[in-house]
Amino acid sequence: MPGRSLIVAAAVAALALPAGAQDTAIQALDPARSHASFSVAHLYLARVTGTVPILSGAVTLPPNSTIPTAVEATLDPKHIASGNPDRDDDLQGPDWFDTQHFGRWTFTGSTVTPKADGAFTVAGALTVHGVAQPMTLDVTVVRGEPHPAYHAVGHVDRHAFGMRVTPTDVLIGSDVTITLDVETR
């Protein structure tokens, strides 16, 4: 019976998937409605802020949940914008992000910890300048199903990514706050 062997093959294939994989859905991020921003102390008196476009990303969601089991995103540092074109050119240059050689940043996270208030944390790795570093995002759900939206905040030490130390390094803080506002489609 050809029909029976097809059913058996489908059942075997479903059993071969990781636990829970049969019940998840991957939703793409909407780059046009999502953005990433950063903030870092400058001269210890002010903060420099800017944005980095989100090129793509996805969240893996279990059924009837807005809390993902995994997230990923790709950002474009070649279009970093801090409100100062000269500073943006410097940030893209070899002393900082060297976007000619490292044209993409990525974040991948698969350790998701729900909180009692409906928020959650995502622990993962942020790769900048070709160096992956651990990063944890504190995430709140802004909008629920069918296309969830999220607000996330994390911190990284900019020195951990192996960039050169320049004479102006002492004027800029180490802790960088990263804020993400993302929507799925």
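So the mapping is simple: the working numbering equals the position in the sequence shown, first residue as 1, plus 107.
For glycine and all other residues, C-beta sits at the position ideal for the given N, C-alpha and C.
According to DSSP, residue i sits in a beta bridge with which residue or residues?
i: residue 270; result: The partner list for residue 270 (beta bridge, DSSP) is empty, contrary to what the question assumes.
i: residue 164; result: 180
i: residue 131; result: In DSSP, residue 131 forms no bridge with anything.
i: residue 227; result: 221 and 246
i: residue 286; result: 144 and 260
i: residue 234; result: 213 and 239
i: residue 279; result: 149
Would you mind working out which of the options sits nearest residue i, comparing C-alpha positions?
i: residue 182; options: 137, 278 and 224; result: 137
i: residue 280; options: 223, 266 and 142; result: 266
i: residue 141; options: 271, 160 and 230; result: 160
i: residue 180; options: 150, 244, 152 and 227; result: 244
i: residue 291; options: 259, 254 and 249; result: 254
i: residue 251; options: 195, 152, 175 and 139; result: 175
i: residue 144; options: 184, 165 and 130; result: 184
i: residue 246; options: 256, 226, 283 and 264; result: 226
For a cutoff of 9 Å on Cβ pairs, would you count residue i as touching chain C?
i: residue 276; result: No chain C is present in this structure, which holds just one protein chain.
For the beta strand (DSSP E) containing residue i, list its first residue and its last residue.
i: residue 154; result: 153-159
i: residue 264; result: 256-264
i: residue 221; result: 212-221
i: residue 198; result: No beta strand (DSSP E) holds residue 198; the alpha helix (DSSP H) holding it covers 192-199.
With H, G and I counted as helix, E and B as strand and the rest as coil, what does DSSP make of residue i?
i: residue 244; result: strand
i: residue 186; result: helix
i: residue 138; result: helix
i: residue 292; result: coil
i: residue 205; result: coil
i: residue 111; result: Bear in mind that a pLDDT of 46 at residue 111, under 50, signals an unreliable position, so the number given afterwards is only what the model happens to contain. Reduced to three states, the DSSP call for residue 111 is helix.
Considering residue i, what are the terminal residues of the alpha helix (DSSP H) in which it resides?
i: residue 150; result: Element bounds for residue 150: n/a, residue is neither H nor E.
Practice task
Report yes or no: do three or more beta-carbon pairs, one from the stretch 198-211 and one from the stretch 222-233, lie closer than 8 Å?
Solution key: no
Problem - Cβ pair count under 8 Å reaching 3, the stretch 261-278 against the stretch 231-238 - result: yes
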